[in-house]
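2 protein chains.
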Amino acid sequence: MEPIEIFKALSNESRLQILQWLKEPDRHFIPHEGIDMNTTGVCVSQITDKLKMTQSTASQYLTILLKAGLIKAERIGKYTYYKRDENAVEKIADILKKEI
Amino acid sequence: MEPIEIFKALSNESRLQILQWLKEPDRHFIPHEGIDMNTTGVCVSQITDKLKMTQSTASQYLTILLKAGLIKAERIGKYTYYKRDENAVEKIADILKKEI
DNA sequence: TTGACATATCGGAAAATAACGATATAATAA
DNA sequence: TTATTATATCGTTATTTTCCGATATGTCAA
Numbered sequence: 001m002e003p004i005e006i007f008k009a010l011s012n013e014s015r016l017q018i019l020q021w022l023k024e025p026d027r028h029f030i031p032h033e034g035i036d037m038n039t040t041g042v043c044v045s046q047i048t049d050k051l052k053m054t055q056s057t058a059s060q061y062l063t064i065l066l067k068a069g070l071i072k073a074e075r076i077g078k079y080t081y082y083k084r085d086e087n088a089v090e091k092i093a094d095i096l097k098k099e100i
Numbered sequence: 001m002e003p004i005e006i007f008k009a010l011s012n013e014s015r016l017q018i019l020q021w022l023k024e025p026d027r028h029f030i031p032h033e034g035i036d037m038n039t040t041g042v043c044v045s046q047i048t049d050k051l052k053m054t055q056s057t058a059s060q061y062l063t064i065l066l067k068a069g070l071i072k073a074e075r076i077g078k079y080t081y082y083k084r085d086e087n088a089v090e091k092i093a094d095i096l097k098k099e100i
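These protein sequences, in sequence, are chains A and B.
For the first sequence, the UniProt record's numbering gives the first residue as 1, with consecutive numbering after it.
For the second sequence, the UniProt record's numbering gives the first residue as 1, with consecutive numbering after it.
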């Protein structure tokens, strides 16, 4: 929970976009392999497609969001599913409100 | 109110520091020219001193916070006083909570 | 008007970030 | 086993950010 690291992660249009998509995954992605996107998350290729950037960039951005603690990752077979950590988003909003 | 611009402004240790100091100016600065720091603000040289960076850098960081809308400026004589815009800080916390 | 101080702005060097292509790794399918 | 697919990582170039010194501007005091 490093505020600076979190704000850096949020300082990029594409990463903000990803976070917003992951807020309501079924509004933004088509179902995949019978996975419940709300509980399990969305895989890298789906995000890559929507981002219209390379797989490399998408993967790196997801890692940045992950390290900032804003999303969680789960590997299932050859896919890695990422989903928002709602608690973390709440928490940083609270920190902003109380400590900054 | 550009979220990205605001998050960029918050992505720097020194600028976060300034914002936090300005939350309780009289805890962090000595009174100056009989000015009420809470209503009027704190001048650039006081912030420069505490920051331990050059006047140039301090002034630029204040401009970045100003353009992001996080602080307000008032020129009185040869001094420019900066103070937090509490409303703006609240607002970005709300945006974070609701829209991101 | 000149001098002294406070602040703003300009131009730059070094470090960090953005985004890519190429390649490595991991897991499944054939 | 080998081929294929999904993801991660590496190395790179272009851009942005950090922070500085030098200088310009603005304001007051003598």
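In this text, a Cβ means the ideal position worked out from N, Cα and C, and glycines have one as well.
In this text the structure is predicted, and so the values were computed from the model without any measurement.
- Is there contact here, the stretch 49-61 of chain A with the stretch 7-15 of chain B, by at least three beta-carbon pairs under 8 Å? With a cut-off of 8 Å, the stretch 7-15 of chain B and the stretch 49-61 of chain A do not count as touching, because too few Cβ pairs lie within range.
- Task: Spell out a yes or no on whether the stretch 63-81 of chain B and the stretch 73-86 of chain A are touching, meaning 3 or more CB-CB pairs, one atom from each, closer than 8 Å.
- Result: The stretch 63-81 of chain B makes no contact with the stretch 73-86 of chain A, as fewer than three CB pairs between them are under 8 Å.
- Message: Bridge partners for A/Tyr-81 per DSSP, in chain order?
- Response: According to DSSP, which records beta bridges pairwise, A/Tyr-81 is partnered with A/Cys-43 and A/Glu-74.
- Checking contacts by CB at 8 Å: is A/Ser-11 closer than that to chain B? Look at A/Ser-11: its C-beta is under 8 Å from a C-beta on chain B.
- Which first and last residues belong to the alpha helix (DSSP H) in which A/Lys-23 is found? Where A/Lys-23 is concerned, there is no enclosing alpha helix (DSSP H), given that its DSSP letter is neither H nor E.
- By the 10 Å Cβ neighbour count, where 16 or more other Cβ atoms means buried, how is A/Gly-41 classified, buried or exposed? Flag for A/Gly-41 reads buried.
- For chain A, find out if any of its Cβ atoms is closer than 8 Å to the Cβ of B/Leu-66; answer yes or no. With 8 Å as the cut-off, B/Leu-66 does not count as an interface residue toward chain A.
- Query: Which word fits B/Pro-25, buried or exposed, when buried means at least 16 other C-beta atoms lie within 10 angstroms of its C-beta?
  - Reply: When all chains shown are included, B/Pro-25 counts as buried.
- Pairwise C-alpha distance: A/Lys-50 and B/Phe-29: Their Cα atoms are separated by approximately 49 Å.
- Task: Report yes or no: is there a C-beta of chain B within less than 8 Å of the C-beta of A/Val-89?
- Result: So, interface residue.
- Message: Residues of chain A with CB closer than 7 Å to the CB of B/Gln-20, please, in chain order.
- Response: Listed along chain A are Ile-100, each with a C-beta nearer than 7 Å to that of B/Gln-20.
- Message: Could you tell me the alpha carbon to alpha carbon distance between A/Met-53 and B/Lys-97, rounded to whole angstroms?
- Response: The alpha-carbon atoms of A/Met-53 and B/Lys-97 are separated by roughly 27 Å.
- Between the Cα of A/Ser-71 and those of A/Cys-43, A/Pro-3 and A/Leu-19, spot the shortest distance and give me the residue it belongs to. In the sequence as displayed, the identity of residue 71 of chain A is Ile instead of Ser. Selected option, being the one with the closest Cα: A/Leu-19.
- Determine the direct distance from the alpha carbon of A/Ile-100 to that of B/Tyr-61, and round the result to whole angstroms. A straight line joining the alpha-carbon of B/Tyr-61 with that of A/Ile-100 spans about 16 Å.
- Just by C-beta distance, which residues in the stretch 45-57 of chain B are closer than 9 Å to chain A? Along the stretch 45-57 of chain B, none of the residues has a CB nearer than 9 Å to a CB of chain A.
- Message: Strictly under 8 Å for the Cβ-Cβ distance: is A/Phe-7 near chain B by that measure?
- Response: With a threshold of 8 Å between beta carbons, A/Phe-7 makes contact with chain B.
- CB contact flag (A/Ile-64, A/Pro-3, <8 Å): With a cutoff of 8 Å on beta-carbon distance, A/Ile-64 and A/Pro-3 are scored as not near each other.
- Query: What's the gap between the Cα of B/Pro-31 and the Cα of A/Ser-14?
  - Reply: Each residue's alpha carbon lies about 44 Å from the other.
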